[in-house]
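Structure record follows, encoded as structure tokens.
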DNA sequence: GACGTTTTTCATCATGTGTTGAATTGTGCT
DNA sequence: AGCACAATTCAACACATGATGAAAAACGTC
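Protein chains in written order, with full-length UniProt numbering: chain A, 1 to 195; chain B, 1 to 195.
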């Protein structure tokens, strides 16, 4: 047998392999669609090892989501530069984060779980009003309760289409093209004339 | 015992109750999140009855999705009226369908399953290019491969935000306000000047 | 009223899943 | 060399789920 019990020789970083296997599985199949056994098998490892490193499945999920990105921090410079051209700047930072191959799987997993696994209330009552709301509020000309959801709708659509569903024409479009084409929409929602 | 075996007296349309229970569960929890037992219990019925009426769980799902709406048919008048004001007309038709309380649960269930349960390829390779693509193609000024995904992104975002996640400010916004505010975005993606 | 049909439940099976505890093997320290 | 510790697997439990087949109760028809 090449497979045996007990510790393997060498110093393979099995823990990291398990973690990235979990990350991609969560990104592709969502929380419910991901099974501990599948993650273990993708990492070439026994299911019990997954539990040994990261306790329960929920723990594994939050471990997989660890995204070292604080939206408020990232968006601070965008806000600081004022409302002029904010649409394009906002999009540019957004895309630079989401296009980072290091961060993408975690972010997609997060997005997918927010839309699908009925933590919808988390987006609805937590993320948007608490995190995104205040940031955008200072960029908006007036009536934030009208403008912010419009901005959110275009951003959600962009993220879902480009990263979650991965519509080819959008997924392959260079970031700067997206910025140039969608930017004016965001700008109009932020400061344009709206009925 | 008030509960007994065998057929109940009266002529209750149990089949219909099971179907609507399934529809709302699929809409709220998605395919994987919906269990036959939960549907049965919501309909006040034994799980076996669900199988008796609709065979397997997949069968139940397609039965619950039956949406008597052919997008091409519904969009025909929008297309026929030409590109002028097409953005607003497109949105108005879209919202009238999605706001119909008769159709909404089925549509939300469909949307959620498309985003979450890795039938993403169905949207990516089937729905958009085959159904929506040709319809929009005749409204677009040029470069459909650039414009159609942009339209799709705004529409997907609107649907996800207003119906799937149900962001309150968007979910409660009168349809005509949405049309007036988002319409110009769609119009610009269809016929405006784009880099 | 008898009888076939439809509706409904019960009991049960097979399967997949999250999780646990014991056992085995390698590594590093003294 | 010896020993504590970490890494890894095996075997198994408890549970939920989708599915099935037989039995019971009401209905419709002759």
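In this text, a Cβ means the ideal position worked out from N, Cα and C, and glycines have one as well.
Exposure of residue 181 (chain A), with buried meaning 16 or more beta-carbon neighbours within 10 Å: Start at 1 with the first residue of the first chain, and residue 181 (chain A) comes out as number 181. That one is buried.
Does any residue of chain B bring its CB to less than 7 Å from the CB of residue 50 (chain A)? For the purposes of this step, residue 50 (chain A) is identified with residue 50 of the first chain, where counting begins at 1. Chain B, which has no Cβ nearer than 7 Å to the Cβ of residue 50 (chain A), makes this no.
Taking Cβ to Cβ, would you say residue 34 (chain B) is nearer than 7 Å to residue 25 (chain B)? To locate residue 34 (chain B), count along the second chain from 1; it is residue 34. To locate residue 25 (chain B), count along the second chain from 1; it is residue 25. Going by C-beta atoms, residue 34 (chain B) is nearer than 7 Å to residue 25 (chain B).
Any C-beta of chain A sitting closer than 7 Å to the C-beta of residue 154 (chain B)? Along the second chain, one-based indexing puts residue 154 (chain B) at 154. Closer than 7 Å to some Cβ of chain A, the Cβ of residue 154 (chain B) qualifies, so yes.
Alpha carbon to alpha carbon, how far is residue 43 (chain A) from residue 7 (chain A)? Position 43 of the first chain, counting from 1, holds the residue named residue 43 (chain A). Position 7 of the first chain, counting from 1, holds the residue named residue 7 (chain A). In this model, residue 43 (chain A) and residue 7 (chain A) are separated by some 15 Å (Cα to Cα).
Tell me whether residue 70 (chain B) sits in a helix, a strand or coil according to DSSP, three-state version. Taking the first residue of the second chain as 1, we reach residue 70 (chain B) at position 70. When DSSP states are grouped into helix, strand and coil, residue 70 (chain B) belongs to the coil group.
Starting from the beta carbon of residue 158 (chain A), find every residue of chain B whose beta carbon is closer than 8 Å, and list them in chain order. For the purposes of this step, residue 158 (chain A) is identified with residue 158 of the first chain, where counting begins at 1. Ordered by position in chain B, the residues that pass the 8 Å Cβ test against residue 158 (chain A) are 153, 157.
Residue 193 (chain A) versus residue 187 (chain A) - alpha carbon distance: By 1-based counting over the first chain, the position of residue 193 (chain A) is 193. By 1-based counting over the first chain, the position of residue 187 (chain A) is 187. About 10 Å.
Residue 102 (chain B) - DSSP class collapsed to helix/strand/coil: Within the second chain, the letter at position 102 stands for residue 102 (chain B). DSSP places residue 102 (chain B) in coil when its eight states are reduced to three.
Could you tell me which whole alpha helix (DSSP H) segments of length 4 or greater appear in the stretch 135 to 174 of chain B? 144 to 159, 168 to 171
Short of 7 Å Cβ to Cβ, which residues in the UniProt domain "HTH tetR-type" (12 to 72) of chain A face chain B? 28, 29, 30, 32, 33
Chain-ordered residues of the stretch 138 to 153 of chain B with a beta carbon less than 8 Å from chain A: If the cut-off is 8 Å between Cβ atoms, the stretch 138 to 153 of chain B has 145, 146, 148, 149, 150, 152, 153 near chain A.
Chain-ordered neighbours of residue 182 (chain B) on chain A, where CB pairs are closer than 8 Å: Counting from 1 along the second chain, the entry for residue 182 (chain B) is found at position 182. In chain order: 150, 153.
Closer than 8 Å by beta-carbon distance: list the chain A residues that pair up with residue 169 (chain B), in chain order. By one-based count along the second chain, residue 169 (chain B) stands at place 169. By Cβ distance, chain A contributes 145, 146, 148, 149.
Quick one: is residue 161 (chain B) near chain A, going by C-beta distance under 7 Å? Taking the second chain and counting its residues from 1, the one referred to as residue 161 (chain B) is at position 161. It does; some Cβ of chain A falls within 7 Å.
Where residue 1 (chain A) sits in the DSSP three-state scheme: To locate residue 1 (chain A), count along the first chain from 1; it is residue 1. With a pLDDT of only 41 at residue 1 (chain A), under 50, the local geometry of the prediction cannot be trusted, and the value read off the model is given with reservation. If DSSP states are grouped into helix, strand and coil, residue 1 (chain A) belongs with coil.
Quick check on residue 7 (chain B): does DSSP put it in helix, strand or coil? As a first step, residue 7 (chain B) must be located in the second chain, where it is residue number 7. The answer is coil: DSSP assigns residue 7 (chain B) none of H, G, I, E or B.
Along chain B, which residues have their Cβ under 7 Å away from the Cβ of residue 194 (chain A)? By 1-based counting over the first chain, the position of residue 194 (chain A) is 194. By Cβ distance, chain B contributes 181.
Return the residues of the stretch 68 to 100 of chain A that lie within a Cβ-Cβ distance of less than 7 Å from chain B, sorted by chain order. none
Looking at the secondary structure, which residues open and close the alpha helix (DSSP H) in which residue 30 (chain A) lies? Taking the first residue of the first chain as 1, we reach residue 30 (chain A) at position 30. Its alpha helix (DSSP H) spans residues 14 to 33.
Check the Cβ of residue 191 (chain B) against every Cβ in chain A and list those closer than 8 Å, keeping chain order. Here the question's residue 191 (chain B) lines up with position 191 in the second chain. Correct list: empty, because the minimum Cβ distance to chain A is about 14 Å.
Residue 184 (chain B) burial status per 10 Å Cβ neighbour count (16 or more: buried): Within the second chain, numbered from 1, the residue matching residue 184 (chain B) stands at position 184. Counting Cβ neighbours within 10 Å, residue 184 (chain B) comes out buried, since at least 16 surround it.
Own chain residues within Cβ distance below 8 Å of residue 202 (chain B), not counting five before or after: Since the first and last residues shown for chain B are 1 and 195, residue 202 (chain B) lies out of range.
I want to verify the contact list: residues of chain B whose CB lies under 9 Å from the CB of residue 112 (chain A), in sequence order. As a position in the first chain, residue 112 (chain A) is number 112, starting the count at 1. Residues of chain B passing the Cβ test: 115, 116.
Any idea if residue 10 (chain B) is buried or exposed, counting beta-carbon neighbours within 10 angstroms, 16 or more meaning buried? The residue given as residue 10 (chain B) occupies position 10 in the second chain. The residue is exposed, with fewer than 16 neighbouring Cβ atoms inside 10 Å.
Relative to the C-alpha of residue 154 (chain A), which candidate in A:61, A:84, A:102, A:90 has its C-alpha closest? Here the question's residue 154 (chain A) lines up with position 154 in the first chain. Comparing Cα-Cα distances from residue 154 (chain A) to each of A:61, A:84, A:102, A:90, the minimum goes to A:90.
Is the Cβ-Cβ distance between residue 48 (chain B) and residue 22 (chain B) less than 7 Å? Your numbering for residue 48 (chain B) matches position 48 in the second chain. Your numbering for residue 22 (chain B) matches position 22 in the second chain. Cβ distance not < 7 Å, so residue 48 (chain B) and residue 22 (chain B) don't count as in contact.
Does the beta carbon of residue 105 (chain A) come closer than 7 Å to any beta carbon on chain B? Counted from its first residue, the first chain places residue 105 (chain A) at position 105. Not one chain B Cβ lies under 7 Å of residue 105 (chain A).
Helix, strand or coil at residue 61 (chain B) [DSSP, three-state]: In the second chain, residue 61 (chain B) corresponds to position 61, counting from 1. In the structure shown, residue 61 (chain B) sits in a helix (DSSP, three-state: H, G or I).
Taking the CB atoms as reference points, tell me whether residue 166 (chain A) and residue 99 (chain A) lie closer together than 7 Å. Along the first chain, one-based indexing puts residue 166 (chain A) at 166. Along the first chain, one-based indexing puts residue 99 (chain A) at 99. Taking 7 Å as the Cβ cut-off, residue 166 (chain A) and residue 99 (chain A) do not qualify as a contacting pair.
Excluding the five sequence neighbours on either side, which residues of its own chain have a C-beta within less than 7 Å of the C-beta of residue 103 (chain B), listed in chain order? For this step, residue 103 (chain B) is matched to residue 103 along the second chain. Here the set comprises 67, 69, 97.
Between the Cα of residue 95 (chain B) and the Cα atoms of B:191, B:172, B:55, which residue gives the shortest distance? Within the second chain, the letter at position 95 stands for residue 95 (chain B). Relative to the Cα of residue 95 (chain B), the nearest Cα in the group B:191, B:172, B:55 belongs to B:172.
By DSSP, does residue 78 (chain A) sit in helix, in strand, or in coil? Residue numbering aside, residue 78 (chain A) sits at position 78 when the first chain is read from its first letter. Of the three classes helix, strand and coil, the one that applies to residue 78 (chain A) here is helix, per DSSP.
Does the Cβ-Cβ distance between residue 150 (chain B) and residue 161 (chain B) come in under 7 Å? As a first step, residue 150 (chain B) must be located in the second chain, where it is residue number 150. As a first step, residue 161 (chain B) must be located in the second chain, where it is residue number 161. No, these two residues do not count as a Cβ contact at 7 Å.
Could you give the distance in angstroms between the alpha-carbon of residue 132 (chain A) and the alpha-carbon of residue 88 (chain A)? Translated into the one-based positions of the first chain, residue 132 (chain A) becomes position 132. Translated into the one-based positions of the first chain, residue 88 (chain A) becomes position 88. Answer to the nearest angstrom: the Cα atoms are 17 Å apart.
In terms of residues, what are the limits of the alpha helix (DSSP H) holding residue 50 (chain A)? If you number the first chain from 1, residue 50 (chain A) lands on position 50. Residue range 47 to 53 is occupied by the alpha helix (DSSP H) that includes residue 50 (chain A).
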